[in-house]
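Read the structure below first, then the notes.
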Amino acid sequence: VELAKANNIRVILTSVLPAYDFAWKPGLEPVEKIIQLNNRIKEYASKNKIVYLDYYSPLLDEKKGLKKEFTNDGVHPTLAGYKVMEPLTVKAIEYALKIK
């Protein structure tokens with residue numbers, strides 16, 4: 013982040029996507045870790061005047077995982093998931109380009 017800022021590159025930090033399990037490594041219980049990490053990313057962005065993009069909330073299901081309609085494996089978004097993410101990304105980029 014510091015290197016980007018030093019070179020006048022606008023930075024956008026994003027949340028980690030929700031996941032309540034990883035099929036290839038069951039039992040890791042990532043839900044709370046993801047929530048804590050997202051809170052730290054958001055706090056860092058706020059303290060450093062960096063745009064924070066929340067993908068987590070709009071993709072979240074009742075189990076605090078990725079909504080089934082947006083994933084095939086519970087972790088990676090499908091085209092439907094990216095269609096939710098795209099307008100958020102565009103809005104964040106437009107905002108980042110406006111601020112000094």
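Here the sequence shown is numbered in the numbering used here, starting from 13 and rising by one per residue. The C-beta atom is built at its ideal place from N, Cα and C for all residues, glycine as well. No experiment lies behind these values; they were computed from the predicted model shown.
Close beta carbons around residue i, own chain, < 8 Å, minus the five adjacent residues each side
{"i": "Ala35", "result": "Asp85, Gly86, Val87"}
Rounded C-alpha distance that separates residue i from residue j
{"i": "Asn60", "j": "Pro38", "result": "36 Å"}
{"i": "Glu55", "j": "Pro89", "result": "25 Å"}
{"i": "Leu78", "j": "Tyr32", "result": "8 Å"}
As assigned by DSSP and simplified to three states, the class of residue i
{"i": "Pro89", "result": "strand"}
{"i": "Val13", "result": "coil"}
{"i": "Leu29", "result": "coil"}
{"i": "Tyr64", "result": "strand"}
{"i": "Ile111", "result": "coil"}
{"i": "Leu71", "result": "helix"}
Chain C within 7 Å of residue i, Cβ atoms only
{"i": "Ser58", "result": "Of the protein chains in this structure there is only one, and it is not chain C."}
6 Å CB neighbourhood of residue i in its chain, flanking five on each side removed
{"i": "Thr72", "result": "Going by the sequence as given, residue 72 is Leu instead of Thr. If we look at Leu72 and ignore the five residues flanking it on each side, its Cβ neighbours are Pro30."}
{"i": "Thr26", "result": "Leu65, Tyr67"}
{"i": "Pro42", "result": "Ala31"}
Close beta carbons around residue i, own chain, < 7 Å, minus the five adjacent residues each side
{"i": "Ala104", "result": "Ile24, Val63, Leu65"}
{"i": "Phe10", "result": "Examination of residue 10 is not possible in this model, given that the chain is present from 13 through 112 alone."}
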